[in-house]
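This report concerns only the one structure given below.
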Amino acid sequence: MFQLKWMWKQMGWKRVFWVCALLCSALTSTVSFINPMLSRTLIDEIVLPGDFSRLIPTLASMLGIQMFILSLRYTMLMFNEISSQEFVGRVRRRVYHVLQHQDHFFYAKIRTGDLMTRVTGDLDASRHLLGWVYYNLTDCVVTFAASVGYLCTVNLKLTLFLLPVAPLILIISVTYSRISRKLYRVLRQKLSSLNTVVQENIEGNRVVKAFAREPFEQEKFEEKNEEFRRHNLHINMMWMRFWPFLETLAQTLTVITVLAGGLLMIHGEMTPGDLLAFTSLTWAIANPLRNIGNVLNDFQRCSASASMVIELFYSEPTVADKPDAKPIPRPVRGDVEFINVSLNLNDTMIIDDVSFKAKAGSTLGIMGPTGSGKTSLLSLLDRFYDPTGGRILLDGVDISEATIGSVRSAIGIAMQEVFLFSDTVDGNIAYGSPDLPFEDVKGFAAAAKADGFIKRMPEGYDTIVGERGVGLSGGQRQRISLARALAVRPAVLILDDTTSALDMETEHYIQKQLRHLDFECTKIIVAQRTSSLQDADNIIVLEDGHISEHGTHEELLAKKGYYYGIWLLQNGR
9 MFQLKWMWKQ
19 MGWKRVFWVC
29 ALLCSALTST
39 VSFINPMLSR
49 TLIDEIVLPG
59 DFSRLIPTLA
69 SMLGIQMFIL
79 SLRYTMLMFN
89 EISSQEFVGR
99 VRRRVYHVLQ
109 HQDHFFYAKI
119 RTGDLMTRVT
129 GDLDASRHLL
139 GWVYYNLTDC
149 VVTFAASVGY
159 LCTVNLKLTL
169 FLLPVAPLIL
179 IISVTYSRIS
189 RKLYRVLRQK
199 LSSLNTVVQE
209 NIEGNRVVKA
219 FAREPFEQEK
229 FEEKNEEFRR
239 HNLHINMMWM
249 RFWPFLETLA
259 QTLTVITVLA
269 GGLLMIHGEM
279 TPGDLLAFTS
289 LTWAIANPLR
299 NIGNVLNDFQ
309 RCSASASMVI
319 ELFYSEPTVA
329 DKPDAKPIPR
339 PVRGDVEFIN
349 VSLNLNDTMI
359 IDDVSFKAKA
369 GSTLGIMGPT
379 GSGKTSLLSL
389 LDRFYDPTGG
399 RILLDGVDIS
409 EATIGSVRSA
419 IGIAMQEVFL
429 FSDTVDGNIA
439 YGSPDLPFED
449 VKGFAAAAKA
459 DGFIKRMPEG
469 YDTIVGERGV
479 GLSGGQRQRI
489 SLARALAVRP
499 AVLILDDTTS
509 ALDMETEHYI
519 QKQLRHLDFE
529 CTKIIVAQRT
539 SSLQDADNII
549 VLEDGHISEH
559 GTHEELLAKK
569 GYYYGIWLLQ
579 NGR
């Protein structure tokens, strides 16, 4: 019932079309009894008495009724399509909005393959539930009720002979429905696992080929594929156990009609027209009861999918704007301050009581061993996570009290793991500023020392890159990512190990360009090379989530701690 209420709400005003479709279905089922009634009249009052004066009008009426039924069916299908497509459009739009605004916790918990299954297959199954299953259910109920009502008026005794079979068919159908409910939920999970394996294999195809692991990946796929096949077969075989009983009972109705109806007609309790009406309408009792199993089967399958869509539809991010959140006042200067900041994820302390300041226009360097919390620290500033303790200030404003959009729009970030969209080089660089003039795009590319290799590409800045585009080296991708971060003219520029794939000459060039930007910004640079940080106004060293040392390049060398040890290793001393 909750699913139906949810679907009703998502159709908007076009729910009127859905109601009209159900009414057309009910009306079609009701009108379909007129022709059997006319057939009864045709035999008893026209053919047997030999009065053919009414033959043509009666046949014309039957033809007209049949055309009217076809028009109702067409109207019903059209209304169904309009309402169900409106439902899918609205839900898909909302689901995409949810995915756009989810946080890192969400994507760490749900696999990409599962999300793709929900947005595609599960949503389509939900549309099937709305546009086909409910229609069939209405058709079955109305057809059965109307046929029983009409046949009672024709011959109550024969109708009472038929009715005891109906509860048996219904009991079998409901029993199967209850058994299949859990089976379809498991099937849905196995489909999600299968899609995840395929998605990961496509995304990681270079790694698979690099390690010659194609046989292993094929075996992993075969395992998931076989699980899905076996469970799907199990459900179908379960249905095949129930189907013979349903079909036998449905055919029993025809047998009862012929035997009992024939005896009643012999004893003068039925006319030939009455028997014709019964034989013509036996399907109206048998088919709804026979089809109810298929309808319930579809209902359970689609309901399992709809539940997954609803779960995604109503999921809320843990990092979100507070009700009274306000944008950070413009223009943003870029003063950054961490005050006793901590981050605990899954009972693991990632950041532990970290405090530092970075004045507007200054450069802050961050260094530390792998797993020390450097990227997590930067994720807090961009509100990918909210700290579990302490405060983070941007221009003196606690960013947890500000709108997420205003915080992130003031920050430009270039990460070590670069993602480029399937777009032109121009489009990727101007991603954060779509209206950026082409000359500025070239300028930021030059600042990131990307202009040279971009011009040598097949179509220059109009070359398609990304997942399906021209392949780029790691260093080239990093430089495009850096140009993209610069293009938004951020108040705070975050470089998360952005120059790790660059040669020393390119790194020095970029460092020089960063010192002479045509806009002022606070630069926060994460690097493992001391050469990348030696000009920073302040350098902090993170170890096990806390600051172990801080100071300028010279001050840290004098302390002869972690930073000094890295400097010795990199300078061969």
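In my numbering, the protein residues as written are 9 to 581. The beta-carbon is built from N, C-alpha and C at its ideal position, and this holds for glycine as well. Everything numeric in this text was worked out from a predicted model, so none of it was measured.
Closest to D470 by C-alpha separation, out of V415, A314, N436, P442, would be which residue? N436
Within the region 311 to 392, note down every full alpha helix (DSSP H) run reaching 4 residues or more, in order along the chain. 382 to 389
Residue range of the alpha helix (DSSP H) that includes V39: 23 to 39
What do you reckon, are the CB atoms on P498 and I419 nearer than 8 angstroms? yes
N546 bridges to which residues according to DSSP? L372
Name the residue from T161, M124, F250 whose alpha carbon lies nearest to the alpha carbon of A183. First, the residue type needs correcting, since residue 183 is Thr and not Ala in the sequence shown. Comparing Cα positions, the closest option is F250.
Whole angstroms is fine: what's the gap from W21's alpha carbon to A133's? 22 angstroms
Please state whether the Cβ-Cβ distance between L178 and L289 is less than 8 angstroms. no
Is it the case that the region 364 to 375 contacts the region 336 to 355, given that we only count it when at least three CB pairs across the two stretches are under 8 angstroms? yes
Going straight from the alpha carbon of T582 to that of L191, what length do you get? Residue numbering for the chain in the displayed model covers 9 to 581; residue 582 lies beyond these limits and cannot be assessed.
Using CA coordinates, which residue listed in E409, L166, A491, L199 is at the minimum distance from E447? A491
Quick test of your reading: S79 and F25, contact by CB under 8 angstroms. State the CB separation rounded to the nearest angstrom. Not confirmed; about 16 angstroms, so no contact.
Classification of Q110 by the beta-carbon crowding that lies within 10 angstroms, buried from 16 upward: buried
How many angstroms separate the CA atom of T396 from the CA atom of E562? 34 angstroms
Using only CA atoms, which one of M246, T287, M248 lies nearest to Q259? T287
Within a Cβ cutoff of 7 angstroms, which residues of the same chain sit near S69, ignoring the five residues on either side of it in sequence? L46
For K520, which three-state DSSP category applies? helix
Tell me which residue opens and which closes the alpha helix (DSSP H) that V426 is part of. First-last for V426: undefined, no H or E at that position.
Within 10 Å of its beta-carbon, does E225 have 16 or more other beta-carbons around it, so buried, or fewer, so exposed? buried
In its own chain, which residues sit with a C-beta less than 8 angstroms from the C-beta of K450, not counting the 5 before and 5 after it? D459, Y469
Cβ-based burial, S481 [other Cβ within 10 Å; buried from 16]: exposed
G381 versus V534: straight-line alpha-carbon distance, rounded: 11 angstroms
Minimum C-alpha distance to M15 - residue among A174, G97, V55: G97
For V150, the first and last residue of its enclosing alpha helix (DSSP H): 142 to 162
What's the call for K13, buried or exposed, on a 16-neighbour Cβ count within 10 Å? exposed
Rounding to the nearest angstrom, what Cα-Cα distance links L50 and K165 in this structure? 23 angstroms
With a threshold of 6 angstroms on Cβ separation, who are the neighbours of T506 within its own chain once the five nearest residues in sequence on each side are excluded? A422, Q486, L490
Nearest-angstrom Cα distance between G3 and M245? One cannot answer for residue 3 here, as it falls past the ends of the chain, which runs 9 to 581.
Could you name the residues of the same chain whose beta carbon sits closer than 7 angstroms to that of R102, not counting the 5 residues immediately before and after it, in chain order? F321
Does S481 come out as helix, strand or coil in the three-state DSSP assignment? coil
Looking only at its chain, what residues have a beta carbon closer than 7 angstroms to the beta carbon of D552, apart from the 5 residues adjacent to it on each side? S380
Helix, strand or coil: how does DSSP classify D394 here? coil
Inter-stretch contact at 8 angstroms, needing at least 3 Cβ pairs: the region 203 to 214 / the region 113 to 121: yes
Take the Cβ of P2 as the centre, count every other Cβ of all protein chains shown within 10 Å, and call the residue buried at 16 or more, exposed below. As shown, the chain starts at 9 and ends at 581. That puts residue 2 outside it, with no answer to give.
For D543 versus L372, is the C-beta distance shorter than 8 angstroms? no
Using only CA atoms, which one of G404, Q308, D403, T411 lies nearest to D394? T411
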